[in-house]
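Asker:
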Amino acid sequence: MGRRAAEESFDILQEIVDQESKFIFLAGLGGGTSTGVTPVLLSLIHGTAASCVVTMPFAFEGTRRQEIAEAGLKELRQYTEDITVINQEKLKPLLPSSEFADIEQIFDLLNYAILWKTMSQII
Ligand SMILES: Nc1nc2c(ncn2[C@@H]2O[C@H](COP(=O)(O)OP(=O)(O)OP(=O)(O)O)[C@@H](O)[C@H]2O)c(=O)[nH]1
Ligand SMILES: [Mg+2]
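Number 110 in our numbering belongs to position 109 of the sequence shown; there are no gaps in the numbering.
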């Protein structure tokens, strides 16, 4: 679905990407939208510098999501070597236990951490 939408908007996206000289993609792999759209965008930007920071799903999200994420990552690697992979499962020991936080709170926390990490790589 995400991929189809991006492919149908090829011309608009091309116009947008042509105005930029550097790209940083933040993508949570394992679902439909980010996993589908990110490779399409990468294919549009050709030689332009692009960094990707992607997350892999938690184990509790199930094997289907893991598989989608793995396939998505493999596809991204065809376009750029500059990919930082954040394996969310490995972050689990650092996170508040699920008794105290729900998944939305945990994602919010991770989003800040990922954003800071990404920004610190740029500045
Ligand atoms: N760090 C972080 N990871 C997220 C967040 N939301 C989702 N994820 C991770 O990213 C994966 C994909 O997110 P989804 O929302 O399922 O996928 P999507 O790309 O939005 O596509 P849809 O299938 O259309 O929802 C999930 O399996 C989670 O592991 C978030 O806010 N923060
Ligand atoms: Mg979603």
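Yeah, the Cβ is synthetic: ideal placement off N, Cα and C, and Gly gets one too.
Under a criterion of Cβ closer than 7 Å to any non-hydrogen atom of ligand 2, which residues qualify, in chain order?
Answerer: G32 and T34
Asker: Give the C-beta separation of G33 and G73 to the nearest angstrom, bearing in mind that I take them to be a contact with Cβ-Cβ under 8 Å.
Answerer: Between G73 and G33 the Cβ distance is about 10 Å, and since that is not below 8 Å, they are no contact.
Asker: Residues in the same chain with beta-carbon distance under 8 Å from K93, minus the five sequence neighbours each way, listed in chain order, please.
Answerer: F59
Asker: Give me, in chain order, the residues of the same chain whose beta-carbon lies closer than 7 Å to that of S17; leave out the 5 immediate sequence neighbours on both sides.
Answerer: In the sequence as presented, Ser is not what sits at residue 17; that position holds Ile. Within the same chain, and ignoring the five residues on either side of I17 in sequence, no residue has its Cβ closer than 7 Å to its Cβ.
Asker: Cα separation between S52 and Y80?
Answerer: 10 Å
Asker: Are the CB atoms of G31 and R78 within a distance shorter than 8 Å?
Answerer: no
Asker: Could you tell me the alpha carbon to alpha carbon distance between L27 and A102, rounded to whole angstroms?
Answerer: 24 Å
Asker: Please tell me whether, using a cut-off of 7 Å, the distance from the CB of R58 to the nearest non-hydrogen atom of ligand 1 is below it.
Answerer: A small fix is needed here, since residue 58 is Pro in this sequence, not Arg. Because some heavy atom of ligand 1 lies under 7 Å away, the Cβ of P58 counts as near it: yes.
Asker: Tell me whether I46 sits in a helix, a strand or coil according to DSSP, three-state version.
Answerer: helix
Asker: List the whole-angstrom C-beta distance separating I25 from V55, where the pair is believed to meet the contact cut-off of C-beta under 8 Å.
Answerer: Wrong, their Cβ atoms sit about 11 Å apart, outside the cutoff.
Asker: Do T64 and K23 have their C-beta atoms closer together than 8 Å?
Answerer: no
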